[in-house]
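Please read the structure below before turning to the comments.
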Amino acid sequence: MSKPLHVFSNEQELLEGMWPTPLLKLRIGNDTWAKLEFYNPFSRSVKDRTAWFLFRQALIKNVNHIVEATSGNTGIALASLSSIYGMQFTMFLPVVAPKVYKVLVKLLGGNVIEAGNSTNDVIPLVKRFAEMSNAVNLDQFNNPINVIAHYETTAREIDEQLTSIGKRPSRIIATMGTGGHIAGVAKYFKEKYGDNVEIVGVQPSENSRIPGIKRQNGSNSLLRDIKIDRVVDVSLEEAIDGTISVARTSGILIGISAGATVAAYKRINDVSSTTVLIFPDDAFKYVDILEQTLKEI
4 MSKPLHVFSN EQELLEGMWP TPLLKLRIGN DTWAKLEFYN PFSRSVKDRT AWFLFRQALI
64 KNVNHIVEAT SGNTGIALAS LSSIYGMQFT MFLPVVAPKV YKVLVKLLGG NVIEAGNSTN
124 DVIPLVKRFA EMSNAVNLDQ FNNPINVIAH YETTAREIDE QLTSIGKRPS RIIATMGTGG
184 HIAGVAKYFK EKYGDNVEIV GVQPSENSRI PGIKRQNGSN SLLRDIKIDR VVDVSLEEAI
244 DGTISVARTS GILIGISAGA TVAAYKRIND VSSTTVLIFP DDAFKYVDIL EQTLKEI
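Sequential numbering of the sequence shown, starting at 4, is according to the numbering used here.
Written out as structure tokens, the structure is:
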């Protein structure tokens, strides 16, 4: 039987029609799988899921102007959705974020305000801006809808995809930024399988900056009451090495945060279990950073 052709009559069908995103067996370890979140159509990242679930709240409330603090991918997804639905969108972006995010959000018709060195720096600015501009801050950092998005989609897809081939994960490795996707995945698998599934979080090592993820300090409200079995620190150099290794073994151009999950997997060094790595996005937004590294090797 031939596979059905993907034909979509509108953008919402395109977004939800790309789910489930592919699960690919990697050429590392014996039973290692990658959830390829760059198949999401708008931001080419896992953040399409968060953005759509948050954006639906804005649609219900008849919001005209959305403002959000983001390191990049959520901003692209929200700018795309705002363009589709005729809303105004303003993104607060740390000045250290890759330039591509600013360009793409502007291309989509959004406004960009650069400030601070991290999303933590700009969150208070966003709240003040929302109050002064009669805009709504969807607040991906504290909104439990962020977790629900990944509980209902990302986690369920992984479970159903592995079940379809007679498998169950022993370990899931995911990065930590807002905490949304790892919290949703952890909540789902801990509820269903308990401690038979180990949840591994990945964060930048001290004094290291990895685009899209951040070091946790215990104040993340989305991770409250979520069981993360262990956290692995990864340097930018290790994350880039992970990106390069996947490119040169599987021919897949994964992003640097995805490379961090590969580095964490190698650190754990247990190739016997069924492990799923969540790859948040692809390499194309990070060409400038990768180019610098490739010049040195």
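Glycine included, C-beta positions come from ideal geometry on N, C-alpha and C.
Backbone CA spacing between residue i and residue j [nearest angstrom]
i, j, result
"Glu-209", "Val-235", "11 Å"
"Lys-28", "Met-135", "49 Å"
"Lys-269", "Ile-63", "44 Å"
"Ile-229", "Val-279", "19 Å"
"Pro-283", "Ile-185", "11 Å"
"Arg-174", "Ile-259", "21 Å"
"Gly-187", "Arg-159", "10 Å"
"Ala-263", "Met-90", "35 Å"
"Ala-37", "Thr-178", "13 Å"
"Val-129", "Val-70", "7 Å"
"Ala-72", "Ile-126", "6 Å"
"Asp-143", "Asn-65", "Asp is not the amino acid found at residue 143; the sequence shown has Gln there. Cα to Cα, the separation comes out at about 19 Å."
"Ile-161", "Met-21", "14 Å"
"Ala-61", "Ser-248", "41 Å"
Nearest residue (CA-CA) to residue i, options the options
i, options, result
"Glu-194", "Glu-155, Ser-224, Pro-97", "Glu-155"
"Val-99", "Glu-117, Asn-272, Leu-8, Asn-220", "Glu-117"
"Val-265", "Leu-256, Asp-244, Gln-295", "Asp-244"
"Gly-78", "Arg-227, Val-203, Arg-131, Ser-46", "Ser-46"
"Asp-212", "Ala-82, Ala-242, Trp-36", "For clarity, residue 212 is Arg in the given sequence; the question names Asp instead. The shortest Cα separation from Arg-212 among Ala-82, Ala-242, Trp-36 belongs to Ala-242."
"Leu-107", "Leu-226, Asn-76, Glu-163, Phe-41", "Asn-76"
"Val-139", "Pro-127, Glu-201, Ser-74, His-68", "His-68"
"Leu-293", "Asp-273, Thr-277, Ile-257", "Ile-257"
"Leu-18", "Ser-48, Ile-255, Gly-204", "Ser-48"
"Gly-182", "Leu-225, Val-205, Glu-14", "Leu-225"
"Arg-233", "Gly-221, Glu-201, Asp-142, Arg-218", "Glu-201"
"Ile-302", "Gly-204, Gly-254, Ile-231", "Only positions 4 to 300 of the chain appear in the structure, and residue 302 is not among them; the question remains open."
"Ile-148", "Glu-299, Ala-54, Gly-112", "Ala-54"
"Asn-114", "Phe-92, Leu-96, Glu-40, Tyr-88", "Phe-92"
"Ala-286", "Met-94, Glu-14, Pro-101", "Pro-101"
"Ala-133", "Thr-35, Met-94, Thr-252", "Met-94"
"Thr-301", "Ala-261, Ser-74, Asp-198, Asp-51", "Only positions 4 to 300 of the chain appear in the structure, and residue 301 is not among them; the question remains open."
"Ile-87", "Asn-65, Phe-41, Glu-14", "Glu-14"
Start-to-end residues for the alpha helix (DSSP H) that takes in residue i
i, result
"Gly-187", "183-196"
"Glu-240", "239-253"
"Val-290", "290-299"
"Val-106", "102-110"
Limits of the beta strand (DSSP E) - the one that residue i falls within
i, result
"Met-179", "Careful: Met-179 lies outside any beta strand (DSSP E) and carries neither H nor E."
"Gln-91", "91-96"
"Thr-278", "278-282"
"Ile-87", "Segment 76-88 is the alpha helix (DSSP H) holding Ile-87; no beta strand (DSSP E) there."
"Ala-72", "68-72"
"Ile-116", "114-117"
| message | My parser needs the alpha helix (DSSP H) runs of 4 or more residues fully inside the segment 124-182; what are they? | response | 148-152, 159-166
| message | Suppose only complete runs of 3+ residues qualify. What are the beta strand (DSSP E) ranges in the segment 5-33, listed by chain order? | response | 26-28
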